[in-house]
Structures are given as structure tokens and as C-alpha cells.
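Take a look at the structure below.
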Amino acid sequence: MTDTSDQSRADPMEDARLEALARYSLTSEPEQDFDDIVAMAAEICDVPIALVNIIEAERQFFKARIGMDISETPRDVSICQFAIRGDAPFIIPDARRDPRFADNPFVTAEPGIRFYAGFPLVTRDGHALGTLCVIDHEPRTLDAQQIRMLRILARQAMSQIELGAALEKSRAAHAEAERLRAGQHEIAMEMTHRVKNTLAIVQSIVAQTLRRSPDVEQARKAIDARLLTLARAQDVLTRSALDDIDMRALIAAALAPHMQGENDPRFVLSGPPLLLGARQALGLALGLHELATNATKYGALSQSGGTIALTWNGADAACTLEWSERGGPRVEMPTERGFGSTLIERIVAGYFEGKARLTFAPEGVHFTLSGRARRPESRS
């Protein structure tokens with residue numbers, strides 16, 4: 001028998017057929033609908049063997065079979081590979097007398113094929129994926145009625161293949177829709193959680209500022225400035241991933257009102273990429289706002305030549321941040337601690353599950369923070 005598999009693989013039409021076949025994700029797993037089709041084909045033709053056969057590049061496998069013990073064979077011994085070259089039935093009355101198949105091992109040995117009739121399974125765009133075939137151990141032929149019935153069964157088999165592909169697409173679309181719905185729910189829950197956190201911070205800002213301010217006007221200005229900083233940080237969070245914000249982006253947003261452009265020489269920022277959780281970012285933004293406001297009023301930013309070095313580091317869950325002022329007026333130790341100092345030392349440290357320290361050295365204010373980055377947040 002002539003091996004035509006190499007020729008078929010080099011054929012552009014065969015390449016297109018294999019591409020079409022790949023879209024159907026067919027397997028040799030049994031399905032009742034295909035089993036019924038081969039049972040009807042065998043009964044209509046009174047033959048011992050009937051197959052729904054799928055032709056791949058290197059093999060053929062049987063989607064359904066009667067009278068055949070094996071589930072697949074190499075393609076180079078397949079008779080069905082000839083049947084898929086057109087859309088007409090491929091009929092061999094006696095394989096032993098046909099020079100194309102006389103030496104085929106399935107003719108000379110088990111299952112002893114003498115008669116073969118293959119009906120292509122053709123897609124809507126004209127590609128034959130395989131065959132519905134009937135086989136007998138004796139030479140014979142088919143009458144017109146049998147041919148007509150096998151054509152119908154072949155179309156039915158192809159319809160089942162198309163239906164299976166459509167159902168698979170439907171299941172995939174349904175799964176994707178479920179995934180999107182779950183994602184939307186998760187986003188909604190995250191945004192609700194974030195709003196609750198923000199409102200809690202706002203409530204604390206307002207209450208503490210009113211409690212510690214000498215008059216309403218000063219309290220109003222302080223609240224406005226702090227809430228504006230909170231809003232800037234929230235903007236950065238909204239533009240970032242739901243759970244993470246980069247430390248440098250957060251610092252830039254918090255210090256923007258105090259900086260003279262992105263490359264303000266008074267600020268030296270240095271640190272690796274480091275991700276913060278939402279509450280950490282909001283808390284740190286407020287702390288940096290307080291430090292920068294105090295530096296503008298009393299510290300390094302209140303006179304020419306003053307600088308602020310802001311550095312941070314992080315490894316795994318641990319992180320550190322350091323704020324250091326130089327070149328400003330001589331620093332005096334404050335006689336009392338306001339809400340800003342409390343926010344800088346206690347509240348920010350709490351968000352990072354760590355420690356914070358604010359010192360008033362004569363040469364400049366110094367702030368250090370150590371704790372955990374990307375702290376898991378409660379959803380309560």
C-alpha cells in the first residue's frame with residue numbers, strides 16, 4: 001500500500017483541514033449519540049463493523065465503533081484517509097483485488113477487511129474531519145437505499161460534532177460570564193471596604209482636629225488640607241490595582257502640593273519598588289502631609305537651602321521609611337503634642353503594624369517608620 005501521509009501533510013488543503021479539526025476538540029471518549037449512529041449503520045448494511053472515524057495528522061481514532069477492538073491506528077494504514085479527499089462515498093467492493101489496499105495489514109490480517117464504504121463527515125466550510133464507515137469480511141456492494149441512509153447518518157454524525165462544539169463554546173462563555181460576575185462582586189466588596197476605611201479615617205481626622213484646634217477657622221483649614229491629601233491618595237489608589245499601590249507613586253501624590261515640580265531639588269527621594277495596601281497608603285499619605293506642612297511652616301522648607309531626604313526599603317513583608325530634614329532653622333522641642341504628631345507616630349505606625357518615632361533634633365526633624373508592607377486587611 002502506498003504511504004500518502006507525507007504528501008497529505010504537505011498539502012495546503014490538508015493543513016486547512018487539520019486547523020478546522022483542531023477547533024472541535026474531539027476525543028475518543030464514548031458518547032451515546034455516536035454509538036447509536038454506528039449501530040444503525042451496521043444494521044442498515046448488515047455488516048459486522050461500523051465506525052465513526054476521525055483523521056488526525058498522524059493517526060485515526062474511532063469516536064464510536066462496533067466490531068473493532070482497537071480504538072485507534074496509525075494514519076499511514078488508514079483506508080479512511082482516502083475517503084476524506086472528497087465529499088462522495090468512497091466504496092471498495094473487494095480490498096484484496098484493489099492494488100491500493102491489497103497489502104494493507106488490515107486487509108491481509110485482522111480484522112480482514114474485504115468490503116469498505118466510507119462517507120465523509122464534512123463541516124459547513126467543506127473540510128472532512130473523518131468518516132462514517134462500514135466494513136465487511138466478504139466482498140459486496142451497497143444498494144441505493146443503503147447509500148442514501150448512510151449519507152443521512154454521516155450528516156447526523158457531523159451535526160453531533162457541530163452541536164458538541166457549540167455546547168463547548170456555550171459552556172466556556174458561561175464560565176467566563178461567571179468569572180466576570182465573581183470579579184465584579186469582588187470589586188464591589190473591595191470598594192465598599194475601601195469606602196468604609198476612608199470614612200473611618202475622615203471621621204477620625206474631623207474629630208481629632210476639632211478637639212485640638214483653638215478655633216473653628218483654624219480647624220476648617222486643617223481639615224480641608226488633610227482631606228485634600230486623603231483625596232489625592234485615594235486618586236492614586238483608584239488608578240492602581242485594587243490592593244496595591246507603589247510607594248513612590250504614593251509619596252509623589254502626598255507631597256505634590258509642597259513640591260516645585262517633579263524634580264524639586266529640595267526633596268531627595270530614594271527607594272526600591274515597594275507595594276502598600278490601601279489603608280497603609282492612606283495613613284502614610286496623611287502622615288507625610290503633616291510632616292511636609294510642618295516643614296513648610298517651621299522646618300527645612302521654610303527657608304532657602306533646606307532639604308528633605310526621604311528614603312525607604314523593603315524586603316518580603318518588612319519595610320522601613322525615613323524622613324530627615326536639613327538646612328532649616330534650628331529646631332526647638334515642641335511644648336505639647338498636637339493631632340499631627342499623634343497621627344504621624346501612632347496612627348501611621350498602627351497601619352504598618354510597626355513602630356514610628358518623631359524626633360526634634362536641633363539640626364532638623366527626623367521621622368522613622370518600620371513595619372510590614374502590604375498588610376492583609378480585614379473585611380469586617
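Read in UniProt numbering, the sequence shown has 301 at position 301, and its numbers run on one by one without any break. Where is the CB? At the ideal position from N, CA and C, for every residue including glycine.
| Item | Value |
| --- | --- |
| D35 to T108 span [Cα, whole Å] | 27 Å |
| Top-ranked residue by Cα proximity to L310, from R75, A22, T320 and S304 | T320 |
| Classification of M247 by the beta-carbon crowding that lies within 10 angstroms, buried from 16 upward | buried |
| Cβ-Cβ distance between Q114 and P89 below 8 Å | Position check: residue 114 holds Arg in this sequence, whereas Gln was assumed. Going by C-beta atoms, R114 is not nearer than 8 Å to P89. |
| Cβ separation of L250 and L291, assumed to be a contact under 8 Å, to the nearest whole Å | At roughly 14 Å, the Cβ-Cβ gap does not stay under 8 Å, so L250 and L291 are not in contact. |
| Helix, strand or coil at N294 [DSSP, three-state] | helix |
| Contact under 8 Å by Cβ, A165 with R23 | yes |
| Sequence-distant residues of its chain with Cβ nearer than 7 Å to V348 (five each side left out) | G283, L284, G287, A356 and L369 |
| Short Cβ contact (8 Å threshold) for E325 with V365 | yes |
| Alpha-carbon spacing of K63 relative to A42, whole angstroms | 15 Å |
| C-beta contact flag for D38 and I79 at 8 Å | As written in the sequence, residue 38 is Val, which differs from the Asp given in the question. Their beta carbons are not under 8 Å apart, which means V38 does not touch I79 by this criterion. |
| Contacting residues, own chain, Cβ-Cβ under 7 Å from R96 (five flanking each side not counted) | A102, V107 and R114 |
| Buried/exposed call for G350, threshold 16 Cβ in 10 Å | exposed |
| DSSP state of T4 mapped onto helix, strand, coil | With a pLDDT of 44 at T4, under the threshold of 50, the modelled position of that residue is not reliable, and no figure is offered here. |
| G350: first and last residue of the uninterrupted alpha helix (DSSP H) it sits in | V348 to Y351 |
| Beta-carbon spacing of L274, A373 below 8 Å | yes |
| Segment limits, beta strand (DSSP E) that includes Q303 | No beta strand (DSSP E) holds Q303; DSSP gives it neither H nor E. |
| Spatial distance of L153 from K169 (CA atoms) | 24 Å |
| A241 (DSSP reduced to helix, strand or coil) | Low local confidence applies: a pLDDT of 49 at A241 is under 50, so the model's placement there is unreliable, with the coordinate-based value given in what follows. Looking at A241 - three-state DSSP - the assignment turns out to be coil, as it is neither helix nor strand. |
| Integer Cβ distance of I55 from V134, believed to fall under 8 Å | Wrong, their Cβ atoms sit about 17 Å apart, outside the cutoff. |
| Residues that DSSP places opposite Q60 in a beta bridge | I55 and T73 |
| Segments assigned beta strand (DSSP E), at least 3 residues, entirely inside the region 250 to 292 | 267 to 270 |
| F106 - DSSP class collapsed to helix/strand/coil | helix |
| Classification of L132 by the beta-carbon crowding that lies within 10 angstroms, buried from 16 upward | buried |
| Three-state secondary structure (DSSP) of S28 | coil |
| Best match in T27, I245, I147 and H137 for proximity to P120 [C-alpha to C-alpha] | I147 |
| Proximity of F61 and S28 at Cβ, strictly below 8 Å | yes |
| Span separating the alpha-carbon of T335 from that of F360 | 11 Å |
| D98 beta carbon less than 8 Å from that of I91 | no |
| CB contact check: I55 to chain B, cutoff 8 Å | In the displayed structure, chain B is absent; only one protein chain is listed. |
| Nearest-angstrom beta carbon gap, G130 and I84 [assumed within contact, 8 Å] | 7 Å |
| Candidates V77, L51 and D69: closest to A57 by CA position | V77 |
| For D15, the first and last residue of its enclosing beta strand (DSSP E) | It is not in any beta strand (DSSP E) - D15 instead sits in the alpha helix (DSSP H) that spans P12 to A22. |
| C-beta contact flag for M149 and V122 at 8 Å | no |
| DSSP beta-bridge partners of I91 | A117 |
| Anticipated Cβ contact below 8 Å, G371 with E353, distance rounded | 5 Å |
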